[in-house]
Amino acid sequence: MANATSLSGKRILLVIGGGIAAYKVLELIRRLRERGARVRPVMTDAAKQFVTPLSVASLSGDKLYDDLFSLTDEAEMGHIRLSREADLLVVAPATADLLAKMANGLANDLASTLLLATDKRVLAAPAMNVRMWFHPAVQRNLAQLREDGVLFVGPNEGELADGEFGPGRMAEPQEILGAIEDALRSDMAVPLPNQGGSTARLGDAPLAGKAVVVTSGPTHEPIDPVRYLANRSSGKQGHAIAAAAAAAGARVTLVSGPVAIADPAGVVTIHVETARDMLAAVEAALPADVFVAAAAVADWRPARAEHGKIKKGAAGNPTLALVENPDILAKIAQRKKNRPQLVIGFAAETEHVADYARTKLGKKGCDLIVANDVSQATGVMGGDTNTVLLVDRDGIETWPTLDKVEVARRLVARMGPLLHGVQS
Ligand code: C5P
220 MANATSLSGK RILLVIGGGI AAYKVLELIR RLRERGARVR PVMTDAAKQF VTPLSVASLS
280 GDKLYDDLFS LTDEAEMGHI RLSREADLLV VAPATADLLA KMANGLANDL ASTLLLATDK
340 RVLAAPAMNV RMWFHPAVQR NLAQLREDGV LFVGPNEGEL ADGEFGPGRM AEPQEILGAI
400 EDALRSDMAV PLPNQGGSTA RLGDAPLAGK AVVVTSGPTH EPIDPVRYLA NRSSGKQGHA
460 IAAAAAAAGA RVTLVSGPVA IADPAGVVTI HVETARDMLA AVEAALPADV FVAAAAVADW
520 RPARAEHGKI KKGAAGNPTL ALVENPDILA KIAQRKKNRP QLVIGFAAET EHVADYARTK
580 LGKKGCDLIV ANDVSQATGV MGGDTNTVLL VDRDGIETWP TLDKVEVARR LVARMGPLLH
640 GVQS
């Protein structure tokens, strides 16, 4: 939790992009200063269409930097120095344009030049229209930036300024503040740009160079063109694992069933509907070092999906014949070729959680089972917290009730030592 002096003396170079969310940056500056941070603002030309340079400069208490070729700025401080005399660079709002420049190393204005010249960590708070967010070009840029070590906060899901709904809202100032504190104290640091790139030091990025595949969410098994069998999985836990693995430096492929939450930034997300499609997508994503099966895959599917909508009528009530779906976890864990070194399954149970998990470990052939109680009273399905047991061949470990994001962080923190054969 942030306290009044939690950022005392920290120097934040704040790059403000041109988006409607720029107004929230004024609040961010205020809060950063309340906590003792020094904020040096940089604005793109487009940003000045949304907030005035005067408000930004007054709130930050520093001069506004906005011109790459200003003789006075250059005389007082070159852009290299400007970009390095900071503890952290924060890009907010990180527009599609700024992200594209960052991903491709363009440097045609002061903001992009600073981002290219810096040797410090960069935290970006993306904000854009939902269709832009889902565009493959933006997703490609995000994946590249994640690989380059850029940190992300948001975007959040909700109604956007243009009336559409979905991911694209910039994270709230309070969330960005939390991410700034995390980035400055992070011991799970990602590799820094301009500091060795992909040959990151192991301690900095525990999963650098590793490939992780995660399944998440439910599957939908069609009955006819309008009806399907499904379950209540929200995808929150699986998505959080994918995001945490990416933050730890891994190359992550997330295979997601239909969910209502945003694709994690910097992760390649493949959207599927059925268990069979999910299996195919996972197999296509191999080889990988780690496979995490967090999806709530439907165990059965209708034996046949009708081509036309089943009509009510004289034929009486239809009977649904079911057939078993492939068990993705077991198939991947028991592969002869290209078996990921570490295979982690989940066990959602409503009773005898530990016993069933232990049995499942052997039956599926995985290395670790994360078991949880999903009986209705726990509120785990769709909720934000999870109480899990970790079960491996050596025993059981009980974790306290934690936010799903924290469960993900702790699980990902285990992956490095497990991959290197070290017990943590
Ligand atoms: O057998 P059960 O469904 O309880 O096992 C849960 C674990 O197996 C989860 O990790 C889930 O993702 C995975 N699973 C799977 N394919 C299935 C069923 C479950 O990958 N068809």
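Residue numbers (my numbering): 220 to 643.
Every residue, glycine too, gets a C-beta built ideally from N, C-alpha and C.
Give the secondary structure of residue i by DSSP, where H, G and I count as helix, E and B as strand, and everything else as coil.
i, result
"residue 565", "strand"
"residue 475", "strand"
"residue 407", "Because residue 407 sits at a pLDDT of 37, beneath the cut-off of 50, its placement in the model cannot be relied upon, and the following sentence gives the value as read from the coordinates. Of the three classes helix, strand and coil, the one that applies to residue 407 here is coil, per DSSP."
"residue 638", "helix"
"residue 592", "strand"
"residue 610", "strand"
"residue 622", "strand"
"residue 631", "helix"
"residue 577", "helix"
"residue 605", "strand"
"residue 394", "helix"
"residue 446", "coil"
"residue 554", "coil"
"residue 470", "strand"
"residue 502", "helix"
"residue 440", "strand"
"residue 318", "helix"
"residue 226", "coil"
"residue 538", "coil"
"residue 366", "helix"
"residue 359", "helix"
"residue 530", "coil"
"residue 571", "coil"
"residue 482", "coil"
"residue 458", "helix"
"residue 239", "coil"
Grab me the residues of residue i's own chain with a C-beta within less than 7 Å of its C-beta, minus the 5 sequence neighbours each way, in chain order.
i, result
"residue 584", "549, 552 and 553"
"residue 607", "589, 590, 591, 618 and 626"
"residue 304", "230"
"residue 575", "566 and 568"
"residue 256", "226, 229 and 231"
"residue 332", "287, 298 and 326"
"residue 543", "518 and 519"
"residue 266", "235, 236, 237 and 241"
"residue 381", "348"
"residue 481", "374, 376 and 386"
Using a Cβ-Cβ cutoff of less than 8 Å, which residues in the same chain neighbour residue i once the five nearest sequence positions on both sides are dropped?
i, result
"residue 637", "561, 586, 587 and 643"
"residue 252", "258, 278, 279 and 280"
"residue 529", "442, 443, 446 and 537"
"residue 272", "262, 283 and 285"
Using C-beta distances below 6 Å, list every residue in its chain close to residue i, excluding the 5 sequence neighbours before and after it, in chain order.
i, result
"residue 500", "474, 489 and 491"
"residue 509", "431, 559, 561 and 634"
"residue 671", "Not covered by the structure: residue 671. The range shown for the chain is 220 to 643."
"residue 461", "433, 471, 473, 483 and 486"
"residue 234", "261, 310 and 330"
"residue 248", "258, 278 and 279"
"residue 437", "449, 450, 452, 476 and 515"
"residue 409", "Residue confidence for residue 409 is low, a pLDDT of 41 falling below 50, so the modelled location carries little weight; the figure read from the coordinates is stated next. Contacts found: 368, 424 and 468."
"residue 498", "545 and 547"
"residue 429", "469 and 508"
"residue 246", "392"
"residue 334", "321"
What does DSSP give as the partner residue(s) for residue i in the beta ladder?
i, result
"residue 645", "The structure shown does not extend to residue 645, since the chain is modelled only from 220 through 643, so no value can be given for it."
"residue 247", "Paired residues: none, contrary to the question."
"residue 543", "519"
"residue 337", "Paired residues: none, contrary to the question."
"residue 343", "310 and 371"
"residue 385", "377"
"residue 510", "432 and 562"
"residue 234", "261 and 310"
"residue 490", "475"
"residue 617", "608"
"residue 400", "The partner list for residue 400 (beta bridge, DSSP) is empty, contrary to what the question assumes."
"residue 325", "Answer is none; residue 325 lacks a bridge partner."
"residue 587", "563"
For a minimum of 4 consecutive residues, which ranges assigned as the alpha helix (DSSP H) are wholly contained in the stretch 249–297? If you keep only unbroken alpha helix (DSSP H) runs of at least 4 residues inside the stretch 249–297, you get 272–279 and 290–295.
Any chance the stretch 360–371 sits against the stretch 318–336, with 3 or more Cβ pairs inside 8 Å? Output reads yes: the stretch 318–336 touches the stretch 360–371.
With contact counted as at least three CB pairs below 8 Å, one residue from each stretch, are the stretch 384–400 and the stretch 505–520 in contact? With a cut-off of 8 Å, the stretch 505–520 and the stretch 384–400 do not count as touching, because too few Cβ pairs lie within range.
Validate contact between the stretch 339–357 and the stretch 441–451 using beta carbons, cut 8 Å, 3 pairs: Flag = no, the stretch 339–357 and the stretch 441–451 do not touch.
Is it true that the stretch 303–317 meets the stretch 330–349, where meeting means three or more beta-carbon pairs spaced less than 8 Å apart? The stretch 303–317 makes contact with the stretch 330–349, as at least three CB pairs between them are under 8 Å.
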